[in-house]
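S.K.:
In UniProt numbering, the protein residues as written are 1 to 610.
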């Protein structure tokens with residue numbers, strides 16, 4: 001498993017550290033860069049602004065923000081343009097050893113079969129917890145609050161002597177939240193549909209989340225013991241959503257079950273075994289372990305604990321581990337039955353103790369050789385809310401245009417939300433008629449109602465753009481979309497929606513920009529500076545005034561100048577910004593004609609949310 005770069009919990013980013021006497025560049029000394037770094041880090045070691053580095057990346061067709069993690073090859077696109085020689089920092093010995101022996105470790109003779117990892121998805125009251133409860137013969141369902149699973153649990157059961165690992169999520173959104181962080185944890189998705197209810201809106205979401213994860217789907221038609229059970233209606237509804245079951249001529253496995261009586265449970269388990277056998281799931285247990293954090297919690301007595309799933313290698317008590325931006329040493333491990341264990345093999349869940357702080361669900365777990373390697377691994381990561389590795393970034397529609405134009409993507413993925421089903425059908429029909437030789441439209445998920453957090457997570461994990469028609473977004477979804485970099489475009493007129501998508505397909509969509517006021521200051525008096533430069537003595541009346549900010553100067557409501565702040569002073573000190581209620585001195589680039597009472601307004605242009 002490859003450990004992806006994460007971001008530091010503080011959000012500050014890692015400051016570059018150089019040995020005493022080391023220069024940034026030199027004619028005989030290349031600049032040494034790590035294998036992964038943030039854009040901010042690269043800007044600092046190059047003595048460039050993050051904006052300039054971002055612009056250079058954009059010229060090379062790469063969209064990134066200052067907290068984005070990039071690799072060495074991407075960084076050299078910037079350094080080459082600046083004429084700076086570079087070299088890559090040597091890997092720690094243990095890491096280099098892992099790289100050198102990776103191909104040997106993955107040789108066929110080193111691989112053994114591992115248990116399949118199964119996620120159970122479905123509508124909230126269609127019985128997925130009760131189904132899992134029956135399978136593992138315990139009363140989990142009765143202990144849950146309000147009939148809703150309160151956490152992600154990982155359980156292992158044996159079927160004819162072969163283990164199967166089940167993940168019971170509190171919803172498909174949680175399943176996708178882990179996937180959005182780059183973790184591929186599941187091999188099979190069991191879709192639970194109640195035979196009396198049929199497919200519900202939440203079922204459709206679960207279907208689309210499972211499809212987006214690109215895992216085999218096995219349908220469990222539950223509640224067959226109820227008088228109103230109609231499995232044929234469920235199969236028809238499945239076919240209408242591009243899931244054709246085997247007895248309807250398709251390849252989707254479907255099993256009629258009852259979580260209350262146990263009807264069909266053995267058939268379901270046998271089919272899961274068969275799907276896993278076809279997939280030939282294997283791993284190498286004789287290597288340092290890697291895995292994924294499923295959940296984490298803080299226990300007052302035991303400290304931080306995490307439920308993890310080992311995906312490769314064997315994890316043992318005493319191993320030094322890194323997950324995301326935290327590290328620790330495994331002090332104890334407990335399996336899903338509450339039994340203390342010394343080691344955990346691939347495909348097996350366990351709760352572990354020993355982290356110094358709480359990791360996050362979806363964090364990649366890696367065993368390292370020593371504390372130095374742990375610090376190095378964490379030091380190459382930069383964790384801020386919602387930032388993501390460049391390899392799995394979210395896209396905006398404007399960025400899709402750039403990617404299509406340079407041939408990086410062949411498919412535009414959309415999540416559609418609308419006010420009524422009729423609107424969705426009309427939009428899908430119109431999108432289906434759009435044809436372009438460079439890219440096509442793929443509608444990943446549709447739904448009626450406001451944009452939800454689940455929609456944002458799905459879009460983030462699948463590099464999709466959310467299109468909403470005549471509906472808004474839940475406040476929590478707005479906040480999450482901003483944090484994860486997912487664009488939500490809102491429309492009220494269908495033809496404008498279709499026109500924008502068509503223009504994006506052809507690489508012709510122009511971004512819509514809006515102006516944001518950063519701050520305002522009133523000029524109170526003027527001071528003479530060197531070489532005839534006038535210094536405007538100002539009081540900041542609102543927001544903040546920033547050095548190098550773009551400004552306009554207004555007099556009696558009329559614009560008289562556009563410029564940038566070349567110098568910002570507080571008394572005699574040069575400062576980066578001044579906040580409302582403070583006084584400062586300002587020098588503008590190329591403008592001297594101030595008068596007392598003029599207003600200096602700092603603003604920026606940013607892409608408007610459509």
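Glycine is no exception: its CB is placed at the ideal position from the N, C-alpha and C atoms.
Nothing here was measured: the structure is a model prediction, and the numbers come from that model.
Could you tell me the distance, in whole angstroms, from the CA atom of residue 544 to the CA atom of residue 81?
M.R.: Straight-line Cα distance between these residues: approximately 34 angstroms.
S.K.: Relative to the C-alpha of residue 164, which residue among 134, 190, 115, 126 is closest?
M.R.: Considering only alpha carbons, the answer is 115.
S.K.: So, helix, strand or coil for residue 51, using DSSP?
M.R.: Residue 51 falls in the helix class under three-state DSSP.
S.K.: Take residue 423 and list the residues in its own chain whose beta-carbon comes closer than 6 angstroms to its own, dropping the five residues that flank it on each side.
M.R.: Correct list, in chain order: 469.
S.K.: Leaving out the 5 sequence neighbours to the left and right, which residues in its chain are closer than 6 angstroms to residue 95 when beta-carbon positions are compared?
M.R.: With a pLDDT of only 44 at residue 95, under the threshold of 50, the placement of this residue in the model should not be trusted; the figure read from the coordinates follows. Correct list: empty, nothing qualifies.
S.K.: Under three-state DSSP, which class holds residue 186?
M.R.: Coil at residue 186, not helix or strand.
S.K.: Do residue 565 and residue 551 have their C-beta atoms closer together than 8 angstroms?
M.R.: Yes, Cβ-Cβ distance for residue 565 and residue 551 is below 8 angstroms.
S.K.: Kindly provide the ranges of any alpha helix (DSSP H) runs that are 4 or more residues long and lie completely inside the segment 483-530, ordered along the chain.
M.R.: Counting whole runs of 4 or more residues, the segment 483-530 contains the alpha helix (DSSP H) stretches 494-505.
S.K.: Quick check: the Cα distance between residue 249 and residue 50, rounded to an integer number of angstroms?
M.R.: Between residue 249 and residue 50, the C-alpha separation is close to 56 angstroms.
S.K.: Should the segment 284-296 be called in touch with the segment 268-276, which here means at least 3 C-beta pairs below 8 angstroms?
M.R.: These segments do not touch.
S.K.: Under three-state DSSP, which class holds residue 256?
M.R.: Note: residue 256 maps to strand in three-state DSSP.
S.K.: From this set, 202, 264, 562, which residue's C-alpha is nearest residue 587's C-alpha?
M.R.: Closest by alpha carbon: 562.
S.K.: Would you decide whether residue 325 is buried or exposed? Buried here means 16 or more other CB atoms lie within 10 Å of its CB.
M.R.: Counting Cβ neighbours within 10 Å, residue 325 comes out buried, since at least 16 surround it.
S.K.: Look at the alpha carbon of residue 519 and the alpha carbon of residue 575, and state the distance between them as a whole number of angstroms.
M.R.: So the two alpha carbons sit approximately 16 angstroms from each other.
S.K.: Within a Cβ cutoff of 6 angstroms, which residues of the same chain sit near residue 345, ignoring the five residues on either side of it in sequence?
M.R.: These residues qualify, in order along the chain: 285, 314.
S.K.: Check whether the Cβ atoms of residue 212 and residue 480 sit closer than 8 angstroms, and answer yes or no.
M.R.: Taking 8 angstroms as the Cβ cut-off, residue 212 and residue 480 do not qualify as a contacting pair.
S.K.: By alpha-carbon positions, which one of 126, 581, 454, 457 ends up nearest to residue 234?
M.R.: It is 126.
S.K.: Run through DSSP, which three-state label would residue 328 get?
M.R.: Strand.
S.K.: Let me make sure I understand the geometry here. Which of 333, 307, 327 has the alpha-carbon closest to that of residue 317?
M.R.: When only C-alpha atoms are compared, the closest one is 333.
S.K.: Would you tell me roughly how many angstroms separate the C-alpha atoms of residue 418 and residue 482, rounded to the nearest one?
M.R.: Those two C-alpha atoms are separated by around 21 angstroms.
S.K.: Could you check the C-alpha separation between residue 84 and residue 370 for me, to the nearest Å?
M.R.: Going from the Cα of residue 84 to the Cα of residue 370 covers about 33 angstroms.
S.K.: With C-beta atoms as the reference, is residue 310 less than 8 angstroms away from residue 321?
M.R.: Contact flag unset, no.
S.K.: Along the beta strand (DSSP E) that carries residue 546, what are the first and last residues, could you check?
M.R.: Taken as a continuous stretch (DSSP letters only), the beta strand (DSSP E) holding residue 546 covers 534-546.
S.K.: Under three-state DSSP, which class holds residue 39?
M.R.: Residue 39: helix per DSSP, three-state reduction.
S.K.: Could you check the C-alpha separation between residue 364 and residue 377 for me, to the nearest Å?
M.R.: Answer to the nearest angstrom: the Cα atoms are 12 angstroms apart.
S.K.: Please name the residue in 460, 450, 514, 457 whose C-alpha comes closest to that of residue 490.
M.R.: The shortest Cα separation from residue 490 among 460, 450, 514, 457 belongs to 450.
S.K.: Taking just the CA atoms, how far does residue 361 sit from residue 351?
M.R.: Cα-Cα distance, rounded: 13 angstroms.
S.K.: Pull up the distance between the alpha-carbon of residue 208 and that of residue 305, whole angstroms please.
M.R.: Straight-line Cα distance between these residues: approximately 32 angstroms.
S.K.: Out of 411, 219, 266, state which residue places its alpha-carbon closest to the alpha-carbon of residue 160.
M.R.: For the residues 411, 219, 266, the minimum Cα distance to residue 160 belongs to 266.
S.K.: Looking at the structure shown, is residue 586 part of a helix, part of a strand, or coil, going by DSSP?
M.R.: Here residue 586 sits in strand by DSSP.
S.K.: Can you give me the Cβ contacts of residue 281 inside the same chain, cut-off strictly under 8 angstroms, excluding the 5 residues immediately before and after it?
M.R.: Taken in chain order, the residues that qualify are 113, 114, 115, 116, 187, 347.
S.K.: Looking at residue 557: is its Cβ nearer than 8 angstroms to the Cβ of residue 602?
M.R.: No, they are not a contact pair.
S.K.: Answer with buried or exposed for residue 60, where buried requires no fewer than 16 other C-beta atoms within 10 angstroms of its C-beta.
M.R.: The residue in question, residue 60, is exposed, as its Cβ has fewer than 16 Cβ neighbours within 10 Å.
S.K.: Check this for me: beta carbons of residue 203 and residue 215, under 8 angstroms apart or not?
M.R.: No, these two residues do not count as a Cβ contact at 8 angstroms.
S.K.: Over what stretch of residues does the alpha helix (DSSP H) that includes residue 425 continue unbroken?
M.R.: 421-432 is the extent of the alpha helix (DSSP H) around residue 425.
S.K.: Quickly, what does DSSP pair residue 566 with across the bridge? List them, please.
M.R.: Its beta-bridge partners do not exist; DSSP assigns none.
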